[in-house]
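Chemist:
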Amino acid sequence: MSQDAQPELGIGMVGYAFMGAAHSQAWRNAPRFFDLPLAPRMRVVAGRNAEKAAKAADKLGWASSTTDWRELLTRDDVQLIDICSPGDTHAEIAIAALEAGKHVLCEKPLANTVEEAERMNAAAIAAEARGVRAMVGFTYRRVPAIRLAQQLVADGRIGDIRQVRAQYLQDWLADENAPLSWRLDKEKAGSGALGDIGAHIVDLTHFITGQQLSGVSGLVETFVNERPIADDFAGLSGTGGSERGPVTVDDAAVFFGRLESGAIAVFEATRFAYGRKNAIRLEINGTKGSLAFDFEDMNVLEYFDATGDQATAGYTRIIVTEPDHHPFIKAWWPAGHGLGYEHAFTHQAVELVEDIAAERAPAPSFADGLAVQRVLAAVEESSANGSSWVTIPVSAA
Ligand code: SOE
């Protein structure tokens, strides 16, 4: 079908920094590489600064810009709101958008607090009943090697899960003069490494194992309490000025917990692991084998089969670049060529468009986002109480 004959899905995006750029690339590429049931149209981007928003629209491929996100909700040519702004804005925008009948894609973590996430989930449930969809952007679920891991677990290939080891390691804050950005401000970000990257490994654990965490004990730490104030408050890199401001979030978080089945899991999230850039390392041990993954080698999944001849057994390094591994792969390059960070954002856009067209509830849902939020809050509560055990209500996602 030519794109012109296709029904359209008008998109309005809020925020245009790192995540906004990644989502824009996804909306641009999705219809060029995948056969979509609806044609995404990049209608409008919203940002607080008129000049910067206009520049971003031009650079990223949006037809127009505005300084008022509410304008997006009143436009008839916008059916989906893509929220890429800091966490303190998520609840207000997402709830208003769902109530206005707009589908929502909201960046992770879903919210800054459990209370906000609960309200967002309630709005999503009400919207779902009216055919309006909501999805939270736990993008790494769309990495083909992660999909394969989830499939192998679901197929029973590693048996019953006994242990999970999950780390998210970055180093962009290890230098104590790295500038202050909104991500280091509790009011804006909710938490630090815990919510920004710890949220991903909690969600990946929930996704791959099919089980939620039912309790945790944790410790959060801030190593550098003041940093130079950045000229551009949005960046992950760059230099700050001579004035310093307070860091009000954690720099690192460590915690362990139990999954619903009783399996045990250990987590570490830090932006201080010099030399590790975006290392999402997962290792899952079951009664019949193990799986291992590292995002720094994201086209590879390691699988150990404990059911065969143990004299010759070893981890199999599966290069996840073949069409049989996941239909996503077929849409890109000829087999064997591999994918990168940005592709998962495109897969996310593709699946959301397909879900909207099929009138299906998307995943990860706001309920999945709420489940992660409860874990983050439990880790903070535990840390504040001398790393005491905190039980987490497990919800039907
Ligand atoms: C910064 O730590 C960050 O951009 C996260 O916010 C993203 O979710 C992750 O994909 C990469 O790192």
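Here the sequence shown is numbered in the UniProt record's numbering, starting from 1 and rising by one per residue.
Heads up, the beta-carbon is just placed ideally off N, CA and C, and yes, glycines get one too.
Could you tell me whether the segment 147–156 touches the segment 329–338, where touching means 3 or more Cβ pairs closer than 8 Å?
Modeler: Touching, no, given that fewer than three Cβ pairs across the two stretches are closer than 8 Å.
Chemist: If I follow the unbroken beta strand (DSSP E) through ASN285, where does it start and stop?
Modeler: Start at 1 with the first residue of the sequence shown, and residue 285 comes out as number 285. 279–286 is the extent of the beta strand (DSSP E) around ASN285.
Chemist: Flag this pair as touching only if the segment 143–153 and the segment 185–201 have three or more C-beta atom pairs under 8 Å; answer yes or no.
Modeler: The segment 143–153, when compared against the segment 185–201, does not touch it at the 8 Å Cβ threshold.
Chemist: Should THR139 be counted as a contact of the ligand SOE given a C-beta to heavy atom distance under 8 Å?
Modeler: Locating residue 139 in the sequence shown gives position 139, where the first residue counts as 1. Result yes, Cβ under 8 Å from the ligand SOE.
Chemist: For GLN79, which residues from the same chain have a beta carbon less than 7 Å from its beta carbon, with the 5 sequence-adjacent residues on both sides left out?
Modeler: Working through the sequence shown from its first residue, we reach residue 79 at position 79. These residues qualify, in order along the chain: LEU9, GLY10, LYS102 and HIS103.
Chemist: Can you list, in chain order, the residues of its chain whose CB lies under 8 Å from that of SER242, leaving out five sequence neighbours each side?
Modeler: Counting from 1 along the sequence shown, the entry for residue 242 is found at position 242. Here the set comprises PRO228.
Chemist: Over the uninterrupted alpha helix (DSSP H) stretch that includes SER383, give me the two end residues.
Modeler: Residue numbering aside, residue 383 sits at position 383 when the sequence shown is read from its first letter. That run of the alpha helix (DSSP H) goes 366–384.
Chemist: Taking the C-alpha atoms as reference points, what is the distance between GLU381 and GLU118?
Modeler: Translated into positions along the sequence shown, residue 381 becomes position 381. Translated into positions along the sequence shown, residue 118 becomes position 118. Taking the straight line joining both Cα atoms gives about 18 Å.
Chemist: Figure out for me which residue from THR113, ASP77, VAL114 and ASN121 has the closest Cα to the Cα of ALA96.
Modeler: Translated into the one-based positions of the sequence shown, residue 96 becomes position 96. The candidate whose alpha carbon is nearest that of ALA96 is ASN121.
Chemist: Taking THR74 as part of the alpha helix (DSSP H), name the residues at either end of that continuous run.
Modeler: Within the sequence shown, numbered from 1, the residue matching residue 74 stands at position 74. It spans 70–74 - the alpha helix (DSSP H) in which THR74 sits, taken as one unbroken run.
Chemist: Cα separation between CYS106 and LEU98?
Modeler: Residue numbering aside, residue 106 sits at position 106 when the sequence shown is read from its first letter. Residue numbering aside, residue 98 sits at position 98 when the sequence shown is read from its first letter. Whole-angstrom Cα-Cα distance: 11 Å.
Chemist: Since VAL78 sits in a beta bridge, which residues does DSSP pair it with?
Modeler: The count along the sequence shown starts at 1 and reaches residue 78 at position 78. DSSP, once it has assigned bridges, lists no residue as partnering VAL78.
Chemist: Tell me the residue span of the alpha helix (DSSP H) that contains PHE33.
Modeler: Residue mapping note: residue 33 aligns to position 33 of the sequence shown, counting from 1. That run of the alpha helix (DSSP H) goes 18–33.
Chemist: According to DSSP, is VAL202 part of a helix, a strand, or is it coil?
Modeler: Locating residue 202 in the sequence shown gives position 202, counting from the first residue. DSSP places VAL202 in helix when its eight states are reduced to three.
Chemist: For a test of your reading of the model: does the CB of ILE197 fall under 8 Å from any non-hydrogen atom of the ligand SOE? Yes or no.
Modeler: To locate residue 197, count along the sequence shown from 1; it is residue 197. Yes, the ligand SOE has a heavy atom inside 8 Å of this Cβ.
Chemist: Taking PHE345 as part of the alpha helix (DSSP H), name the residues at either end of that continuous run.
Modeler: As a position in the sequence shown, residue 345 is number 345, starting the count at 1. Segment 341–358, the alpha helix (DSSP H) holding PHE345.
Chemist: Which residue's Cα is closest to the Cα of ALA377: VAL132, VAL224, LEU259 and PHE255?
Modeler: Taking the sequence shown and counting its residues from 1, the one referred to as residue 377 is at position 377. The shortest Cα separation from ALA377 among VAL132, VAL224, LEU259 and PHE255 belongs to PHE255.
Chemist: With distances taken Cα to Cα, identify the nearest neighbour of ARG165 among GLN25, HIS325 and ILE284.
Modeler: Taking the sequence shown and counting its residues from 1, the one referred to as residue 165 is at position 165. Among GLN25, HIS325 and ILE284, the Cα nearest to that of ARG165 is on ILE284.
Chemist: Would you please state the rounded distance, in angstroms, between the beta carbons of VAL216 and VAL390? I believe it to be under 8 Å.
Modeler: As a working mapping, residue 216 is identified with position 216 in the sequence shown. As a working mapping, residue 390 is identified with position 390 in the sequence shown. Their Cβ separation, rounded to whole angstroms, is 6 Å, which keeps VAL216 and VAL390 in contact under 8 Å.
Chemist: Considering only the alpha carbon of each residue, which of VAL14, ARG32 and GLY12 lies closest to HIS347?
Modeler: Translated into the one-based positions of the sequence shown, residue 347 becomes position 347. HIS347 has its Cα closest to that of ARG32, out of VAL14, ARG32 and GLY12.
Chemist: Identify, in the order they occur along the chain, each residue of the same chain with its Cβ nearer than 8 Å to the Cβ of VAL353, setting aside the five sequence neighbours on each side.
Modeler: Taking the first residue of the sequence shown as position 1, residue 353 is located at position 353. Excluding residues within five positions, the ones whose Cβ falls inside 8 Å are LEU9, ALA30, LEU36, PRO37, LEU38 and PRO40.
Chemist: Please classify LYS129 as buried or exposed, where buried requires at least 16 other C-beta atoms within 10 Å of its C-beta.
Modeler: For the purposes of this step, residue 129 is taken as the residue at position 129 of the sequence shown. The amino acid at residue 129 is misidentified as Lys; the sequence shows Ala. Exposed, since its Cβ has fewer than 16 Cβ neighbours within 10 Å.
Chemist: So, using beta-carbon positions, are ILE161 and ALA313 closer together than 9 Å?
Modeler: Numbered from 1 along the sequence shown, position 161 holds the residue referred to as residue 161. Numbered from 1 along the sequence shown, position 313 holds the residue referred to as residue 313. Cβ distance not < 9 Å, so ILE161 and ALA313 don't count as in contact.
Chemist: Nearest-angstrom Cα distance between PHE272 and SER191?
Modeler: Start at 1 with the first residue of the sequence shown, and residue 272 comes out as number 272. Start at 1 with the first residue of the sequence shown, and residue 191 comes out as number 191. When rounded, the distance between both Cα atoms is 15 Å.
Chemist: From which residue to which residue does the alpha helix (DSSP H) around LEU169 run?
Modeler: Within the sequence shown, the letter at position 169 stands for residue 169. From DSSP, LEU169 is part of no alpha helix (DSSP H) but of the beta strand (DSSP E) over 161–169.
Chemist: Would you check if the distance between the CB atom of GLU221 and the CB atom of ASP251 is smaller than 9 Å?
Modeler: Taking the sequence shown and counting its residues from 1, one reaches residue 221 at position 221. Taking the sequence shown and counting its residues from 1, one reaches residue 251 at position 251. Against a cut-off of 9 Å, the Cβ pair of ASP251 and GLU221 comes out as a contact.
Chemist: Give me the residue from ALA94, VAL14 and PRO327 with the minimum Cα distance to ASP68.
Modeler: Here residue 68 corresponds to residue number 68 of the sequence shown, with the count starting at 1. It is VAL14 whose Cα lies nearest to the Cα of ASP68.
Chemist: Leaving out five residues before and five after SER290 in sequence, what residues of the same chain have Cβ atoms less than 7 Å from its Cβ?
Modeler: Within the sequence shown, the letter at position 290 stands for residue 290. Here the set comprises ILE158, GLU283, ILE284 and PHE304.
Chemist: Is GLY257 helix, strand or coil by DSSP?
Modeler: Translated into the one-based positions of the sequence shown, residue 257 becomes position 257. Strand at GLY257.
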